[in-house]
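S.K.: Protein sequences appear in the order of chains C and B. All residue numbers for the first sequence refer to full-length UniProt numbering, where the first residue is 1 and numbers rise by one. All residue numbers for the second sequence refer to full-length UniProt numbering, where the first residue is 1 and numbers rise by one.
Protein chains: 2
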Amino acid sequence: MNRLYHFPLSPFCRKVRLTLAEKKLEVELVEERYWEPSADFLRRNPAGKVPILKMDSKMLTESQAICEYLEETHPTPPLMPRDPEERFEVRKLCAWFDDKFHKEVTSNLVYERVNKKVMKLGYPDSKAVKLGAQRIKYHLDYMAWLLDQRRWLAGDVMTLADFTAAAHLSCLDYISDVDWNRSTNVKDWYAKIKSRPSFRPLLADQVPGFPPPSHYADLDF
Amino acid sequence: MNRLYHFPLSPFCRKVRLTLAEKKLEVELVEERYWEPSADFLRRNPAGKVPILKMDSKMLTESQAICEYLEETHPTPPLMPRDPEERFEVRKLCAWFDDKFHKEVTSNLVYERVNKKVMKLGYPDSKAVKLGAQRIKYHLDYMAWLLDQRRWLAGDVMTLADFTAAAHLSCLDYISDVDWNRSTNVKDWYAKIKSRPSFRPLLADQVPGFPPPSHYADLDF
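1. Against W96/C, what residues of chain B qualify as contacts under a CB-to-CB distance less than 8 Å, listed in chain order?
2. For the beta strand (DSSP E) that V30/C lies in, which residues bound it at each end?
3. What residue from K54/C, L25/C, E22/C, R182/C has the CA that sits closest to L4/C's CA?
4. Determine the closest residue to F7/C out of A21/C, E36/C, N185/C, K24/C, with distance taken between C-alpha atoms.
5. For N185/B, which residues in the same chain have their Cβ closer than 7 Å to its Cβ, ignoring the five residues on either side in sequence?
6. Pick out whichever of L202/B, G155/B, S214/B has its Cα sitting closest to the Cα of C171/B.
7. As a quick exercise: from P46/C, R91/C, D83/C, N45/C, pick the residue whose alpha carbon is nearest that of A65/B.
8. CB-CB under 6 Å to A167/C, same chain, minus the five flanking residues each way: which ones, in chain order?
9. Need the endpoints of the beta strand (DSSP E) that residue 231/C sits in, please.
10. So T143/B is in the alpha helix (DSSP H); what residue range does that whole segment cover?
11. So with CB distances below 7 Å, who are the chain B contacts of P84/C?
12. In the DSSP assignment, the beta strand (DSSP E) including I52/B goes from what residue to what residue?
13. Any idea what DSSP makes of W152/B, helix, strand or coil?
14. Under a three-way DSSP split, which group does T61/C fall into?
15. Are three or more beta carbon pairs between the stretch 95-111 of chain B and the stretch 123-134 of chain C nearer than 8 Å?
16. Would you decide whether H139/C is buried or exposed? Buried here means 16 or more other CB atoms lie within 10 Å of its CB.
17. Please report the straight-line C-alpha distance between R123/B and G48/B, rounded to a whole angstrom.
18. Whose C-beta lies closer than 6 Å to the C-beta of R44/B among residues of the same chain, with five residues either side of it excluded?
19. Taking the alpha helix (DSSP H) that K120/B belongs to, which residues open and close that run?
20. Less than 9 Å separating the beta-carbons of R135/C and N108/C?
21. According to DSSP, is V178/B part of a helix, a strand, or is it coil?
22. So for F101/C, helix, strand or coil by DSSP?
23. Should W180/B and L153/B be called a contact, given that it needs their Cβ atoms to be closer than 9 Å?
24. Residues in the same chain with beta-carbon distance under 7 Å from V114/C, minus the five sequence neighbours each way, listed in chain order, please.
25. Which residue wins for smallest C-alpha separation from R196/C, given the options R150/C, D218/C, E68/C, W96/C?
26. Would you call the CB atoms of E26/C and F163/C closer than 9 Å?
27. Please check the pair E72/B and P84/C, which I expect to be a contact at CB under 8 Å, by giving their CB distance rounded to whole angstroms.
28. Expressed to the nearest angstrom, what Euclidean distance is found between the alpha-carbon atoms of E31/B and V50/B?
29. R17/C and E68/B - do their beta-carbons sit closer together than 9 Å?
Below is the structure:
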C-alpha cells in the first residue's frame with residue numbers, strides 16, 4: 001500500500017493527494033507533525049518537509065517532482081498535455097502558485113492563522129495577514145483573466161496547474177479567506193474542481209481547534 | 001535571436017544560461033534590475049522575477065519550467081535521463097537546490113552580502129550570514145554523500161541537477177563562500193562542471209563594486 005506522510009492544510013500535500021486520487025492510486029494517509037521532526041521522519045526526508053510519498057520501496061519527496069513522476073508512470077488520466085508549449089504553461093503556473101502565490105498569500109494567511117497556533121509559535125503577525133488579504137485579490141484577478149481566455153487555467157483541458165491552484169485555494173477556503181464573489185469565472189472553475197471525487201477527502205479534513213466554515217464542504221457554495 | 005533578461009548573480013538565471021549553452025542555443029543577455037521594475041518588465045513577467053527568456057515570440061518564465069521546455073524542444077544533448085525514476089531524482093534535486101539550498105544558503109549569503117548592497121537595502125544581517133555559513137557545510141556534506149555513490153549528483157550521467165547545484169555554488173564562489181577543502185569529491189565534481197564551455201560566460205561576469213576572488217575563474221582552483 002502506498003503511504004503519504006502529510007499535513008492536512010499543506011497545499012503541497014493536497015496537490016499530491018489530488019494527483020494520486022485523479023489517477024486512482026490508493027494511499028494510506030499518515031499525519032506528520034513536521035515541525036517536531038522525529039529521527040524516523042528526517043531519515044525519510046532530510047529536507048524535513050512534507051509530503052513524503054512511500055511507493056513500493058521508494059521514498060518520494062518534493063511535490064512537483066512527485067506529481068511529474070506519477071504523470072510519467074501512471075499517464076491515465078493525463079494531467080499534462082502533450083505539446084511542449086502547453087506543458088510549459090502548466091509547469092509555469094504550478095511554479096507561480098507554489099512559489100509566488102504561496103509566499104504572498106498562503107504563507108501570510110494559512111501559516112500565520114493556523115500553523116503558528118498548531119505549532120505553538122504564538123499569535124499571527126497582523127501585518128502579514130493584512131498583506132496576504134491584499135495580495136489574494138491580485139491573484140484572484142489574475143486567475144479571472146486567465147479563465148476569461150481559457151476553460152482551465154493552463155488551456156482548454158484540466159491539468160496539474162488547476163490542481164495546484166485548487167490545493168492552495170482549498171486551504172485558504174478552510175479559513176474563509178477566499179472572496180468567491182470577486183469573480184464569477186473563478187468561482188465556477190473552483191466549483192467544477194471541488195465537485196470531483198478526488199476532492200472529497202480534502203473536504204472531510206479537520207484541523208483540531210479550527211472547524212471549517214459551513215460553505216467549505218458545500219458543493220453549492 | 002533569443003534574449004534572456006537576467007541578473008548576473010541569480011542562480012536561477014545561471015541555471016537557464018547553462019542549459020541554453022549546453023544545448024548550443026545562442027542568446028543575447030540583457031541585465032535586468034528586477035528590484036526597480038519598469039512597466040515593460042512587469043508586462044514581460046507579472047511575477048516581477050528574472051530569468052525571462054524571449055524565444056521566438058514567446059516570453060518564458062520560471063527557471064525549472066524553462067529548462068524542462070528546452071529539454072523537450074531541444075533534446076540534444078540530453079540533460080534529463082529517460083527512466084522515470086531517474087528523472088524523478090533529477091527533479092527532486094533541482095527542487096532541493098532551488099528551494100531548500102536557496103532559502104538556507106544562497107539567500108543568506110549572496111542576497112545579504114551582494115544583492116542588498118546593489119539594491120541599496122542596507123547592510124547584511126549578520127545573523128543570516130552566520131546561519132548561511134553554517135548551513136552550507138551541511139549541504140556540502142550532503143553533496144559529498146551523494147557523490148560517494150554516484151559520478152554525478154543524480155546518477156551516473158550529468159543532468160540538470162548538476163547545473164542547478166553548480167549555478168548556486170558559482171554565485172557563492174563569487175563571494176568566496178564555498179570551502180572547497182571540505183570534500184574532495186565535491187571539489188572534483190565542481191572542477192568538471194566549471195571546465196565546460198557552457199560555464200565560461202558565467203566566469204566572466206562581474207558585479208560592479210564586487211570583484212570576484214582570483215580563484216573564481218581559475219579552472220585549477
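Ideal Cβ positions, reconstructed from N, Cα and C, are used throughout, including at glycine. None of the values given here were measured: they were computed from a predicted structure.
M.R.: Walking through what the data contain:
1. A47, E62
2. 27-31
3. K54/C
4. E36/C
5. A144, L147, D148
6. Each of L202/B, G155/B, S214/B was checked against the Cα of C171/B, and the nearest Cα belongs to L202/B.
7. Comparing Cα-Cα distances from A65/B to each of P46/C, R91/C, D83/C, N45/C, the minimum goes to R91/C.
8. P11, R14, K15
9. Lying outside 1 to 221, the shown extent of chain C, residue 231/C is not represented and no answer is given.
10. At residue 143/B the sequence reads Met, which differs from the Thr that was named. Unbroken alpha helix (DSSP H) run through M143/B: 126-149.
11. Y69, E72, T73, listed in chain order.
12. 52-55
13. It is a strand residue.
14. strand
15. no
16. buried
17. One point to set straight first is that residue 123/B is Tyr, not Arg, in the sequence displayed. Roughly 24 Å separates the two Cα atoms.
18. I52, M59.
19. For K120/B, there is no enclosing alpha helix (DSSP H), as DSSP marks it with neither H nor E.
20. Closer than 9 Å, so yes.
21. coil
22. helix
23. no
24. Here the set comprises L9, I175, V207, F210.
25. Of the candidates R150/C, D218/C, E68/C, W96/C, the one whose C-alpha sits nearest the C-alpha of R196/C is D218/C.
26. no
27. Their Cβ separation, rounded to whole angstroms, is 4 Å, which keeps E72/B and P84/C in contact under 8 Å.
28. 10 Å
29. no
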